[in-house]
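The working numbering runs 1 ahead of the 1-based position in the sequence shown.
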Amino acid sequence: MFTERIYNFSAGPSMLPEPVLKRVQGELLNYGGTGIAVMEMSHRSKMYLDIFEGVKARVCEVLDIPEGYHVLFAHGGATAQFSAIPMNLIGEGSADYAITGNFAQLAAAEAKKYGRINIIYDTSDKNHTYIPRQTDLKFTPDASYFHYCANNTIFGTAWDYIPDTGGKPLVSDMSSCILSEPLDVSKFGLIYAGAQKNIAPSALALLILKDGLPVKPITAIPKVLDYNLMIKNDSMLNTPPTFNIYILGLVLDWIKGLGGLTAMREINRAKAAVLYDFLDNSAFYNAPAVKSARSIMNITFRTPNEELDAAFAKESAAAGLANLKGHRLVGGMRASIYNAMPLEGVKKLVEFMGNFERKNS
Ligand SMILES: Cc1ncc(COP(=O)(O)O)c(C=O)c1O
C-alpha cells in the first residue's frame, strides 16, 4: 500500500506528467464552465471541436510539422497501424522492413498478410542489441516504402540516425520515442505512435502522414483504417478517442511549458546519462545494448544472475520503484524513463541499485 504516488518505470501504459493528471482532476467534472466532462461531450459539438482543433494545432506547433502533412488520430493503438500501413501504402509493389526488435517483427508479420515484404535487415543474430548502419540498408527497387521502428521498447535500442531511403517513403513506428526530442518530420512519409508512453492513455494512435503519399488502399480495407477516408473526415469518420485526444493537448501544454522538444531532449538525455553512467561504472550490472544504439527512453540491464534479477524486481517494487522487471524476451530489468519520469525518480533508482549491488556483491 502506498499513500503517495510512486515512480512507475512501466514500458506502457506509463506515467503521465503529474501536472497533467492534476489538471484533468480539476477539469474532470466541469470542463471550462461547460457543466460537463470532456468524455461526455459529443465529438461533433462546438465545445469538443474547439478542443480537437486546439490539440491538432499544438501537435503541429510542438513537433514543428511543415506544410503538407496531415495530423490524424486513429483507434486501435500502434498495432492497428501495422495492418493499415500495408493496406494503404503497399499498392502494386512490395515493402521493405528492418527487424530491430519485437514490434518491428510484429509489424512485418502483419504486413505479410497484405503484400510482398522484404526483410532488408534483421538484428536478431545478436538478440537485437544493435542497429544497422546506413550502408547495411539495401532497398528493394519496387518497394513502396521502408518501415522501421525508431525506438525498440523491449530491447532498449534506438536508431541514432534517420535512414536515407533515396526518396522512397519512410515509415516509422515512434510509439516509444515520439515527443522525446525534436524531429525532422520532413524526412518522413508517415510517422505513427501508440499513445501510452509519451502522448496520452492507450488505444489512441497519432499519425503524421505526408500529403500526396500514394495511398492506394486494398479493396477490402476496413473503413476505419482507410487513410483517404480518415483525411477526408478529419479523423471523425466515427467517434474518435475524444478524452485521450484532450489529454494529448494537456501533455503538449506541459511540454511547451518546459521549453518545447529541445528542452525535453536535454531533460531526457540528462536522465538517461544518470543511469547509463552508473551502469558503465558498475562491475555488477551489465547493459546489453551497444553504446551507439542506446535508447534514452527504455534502458535494459541485468544483475550477475537470474536469482538476483528476481530479487531486484521484487525489492525495487517494494521500495516504490515499480515495473522494473524486463520483458520476458530479454530478461533482466528495464527502466522506461519516458518524458513524465522525473529526474528524481532516476536518481532514486540509481541509489537503490547502488545499495542492492553493495548488499549482493
Ligand atoms: C514500439 C512499439 N510499437 C508498437 C507497440 C504496440 O502498441 P499498441 O499496444 O498501442 O498497439 C508498442 C507497445 O508498447 C511499442 O512499444
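All C-beta atoms, glycine included, are put in the ideal place defined by N, C-alpha and C.
Query	Result
Range covered by the alpha helix (DSSP H) that runs through D310	E307 to A319
Residue from H44, F353 and F147 whose Cα sits closest to the Cα of P170	F147
For M334, the three-state DSSP class (helix, strand or coil)	strand
Cβ distance (whole Å) where I86 is taken to contact V172 below 8 Å	6 Å
Sub-8 Å separation of S95 and I120 beta-carbons	no
F357 beta carbon near ligand 1 (any heavy atom closer than 7 Å)	no
C-beta atoms of F74 and L184 nearer than 8 Å	no
Opposing strand residues paired with A75 [DSSP bridges]	A206
Anticipated Cβ contact below 8 Å, M237 with H44, distance rounded	6 Å
Burial state of A274, where buried means 16 or more other Cβ atoms lie within 10 Å	exposed
heavy atom of ligand 1 below 7 Å from F156 C-beta	no
Beta-carbon gap between A201 and I256 smaller than 8 Å	no
Exposed unless 16 or more other CB atoms sit within 10 angstroms - verdict on K23	exposed
DSSP state of R270 mapped onto helix, strand, coil	helix
Burial state of R6, where buried means 16 or more other Cβ atoms lie within 10 Å	exposed
Contact with chain C by Q82, beta-carbon distance below 8 Å	Here chain C cannot be found, since the structure has a single protein chain.
Segments of 4+ residues assigned as alpha helix (DSSP H) that fall wholly inside the stretch 172-258	228-233
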